[in-house]
Amino acid sequence: MSGKRILILSESFGAGHTRAAEAIKEGILSYHPDWQIHVLELGTWLRPTLSHWITGIYLKTLRFSPKIWGMIYRRVQNRTVKPQFEFFLHRMIYAHILQLFHEYKPDLIVTTHPFPSAVVSRLKRMGLNIPLHTVITDYHVHGSWINTGVDYYYLPNHEAKLQMQQLGVSEKRLYITGIPTHPNFWNKTDKRKIRKKLGLSDRPTLLYMGGGLGIGLSPDMLSTIHQYRDEMQILIVTGRNRTLYRSLKLDPSFNHPHIHIYPFVKNIDELMDAADLLLTKPGGVTVAEAMAKGVPMIMLNPIPGQEEENYEYILQNQLGISVKDMEELNNLLEQFIKEPYMISKYFKSLSKTYNGRNAVEQIIKNA
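Set out below in structure tokens:
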């Protein structure tokens, strides 16, 4: 059928949820350009000031007290959303949400974050007659994702399916699709061609990303990789951390022909194509994108909670390697410089093709 209207609801707590939402939108439009797809960060749409305040607290907690976040995450890991919390959300935003649905008239609602999933789930139990699909964007299922009003879940792997079933979700509601990636990640581009297009040298290349919010870029790691500027090409993406971007651009020691510094960019797919190695935070969407492009990952200090679970998934599936300190990072980079094309042989799973379009195709079938 043509002309369907789909509303995709996300949240601004971490950039990955909205990246997944945008990936779903662009993926569906690549198959059905006549469909009307809208992406909204629900909290930002409802209460911009409050959402900004909550996001600020979240980021400060991750930056200065990550263990506290990890403790909170694990404490409620296997708990589903409490009815009292759903009721609170309902009372606070009920009229606004109905206005949203009246405006967009969606045939289907897709969520990529537990908060909008819980909100829509309660409205469905009260009589809202719109299908609700939820896409899980990490490699471990937290109890907050579980809501009775969700018709279908799209899961990253078989382990997530088992976790969902243990939390009481019936198998007929579960699809193993992998985490969706933008269509730009569905195919790989030759390294030499993409480096030439981007104005980069054809030499061993390290891509360092701190996530969309730029909170994973540590001074110690920047200092460590900076030492190798003569031996390899270094691409640094600061995300929305504008202060760090300006600081690095003004730092004379980073003004080097082999160092390229980028703010928040929309061509991460091209930078991954150009890279031989990715130093990054293990966010769920980033992991999926790296798998799609076949780039080995180096990980250091994951955020306690969901990123720790992603971290374990990467190690268990030989998609990357962890380094516990700067000495180990130094050793790895020295090995990379000596044998840049040998390092990917350590990561056997990267030879498999990751299909980032599976979730999109399944959503279309179920729409």
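Letter by letter, the sequence shown follows residues 22 to 388 in this note's numbering. Glycine is no exception: its CB is placed at the ideal position from the N, C-alpha and C atoms. Please read these numbers as outputs of a predicted model, since none were measured by experiment.
Considered as a whole, the stretch 187–223 harbours 195–197 as its complete beta strand (DSSP E) runs of no fewer than 3 residues, in chain order. Sequence-distant Cβ neighbours of Pro137 in its own chain, meaning closer than 6 Å and more than five residues away, are Leu30, Leu63. For Gly341, the enclosing beta strand (DSSP E) begins and ends at 341–343.
For the 7 Å CB-CB criterion, Met320 and Tyr332 form a contact.
Here DSSP, grouped into helix, strand and coil, assigns Met185 to helix. For His38, the uninterrupted alpha helix (DSSP H) segment begins and ends at 37–52. Taking the CA atoms as reference points, Glu349 sits about 46 Å from Val141.
Counting of Cβ neighbours within 10 angstroms places Gly189 among the exposed residues, the total staying below 16. As summarised for the stretch 277–321, the continuous beta strand (DSSP E) elements at least 3 residues long and confined to that stretch are 280–283, 298–300, 318–320, given in chain order. Secondary structure of Gln120 (DSSP, three-state): helix. Around Leu129, the same chain offers Ile27, Pro152, Ala388 as residues with beta carbons nearer than 6 Å, after the five sequence neighbours per side are excluded. DSSP, reduced to helix, strand and coil, places Glu333 within a helical segment of the structure shown.
If you ignore the 5 residues before and after Gly199, its C-beta comes within less than 8 Å of the C-beta of Pro177, Asn178, Ala309, Tyr375, Asn376, Gly377, Asn379, Ala380, all in its own chain and listed in chain order.
As DSSP reads the structure, His59 sits in a beta bridge with Leu28.
When the Cα atoms are used, Pro240 and Gly24 turn out to be separated by approximately 49 Å. Linking Leu353 to Ile385 through their CA atoms gives a straight-line distance of about 43 Å.
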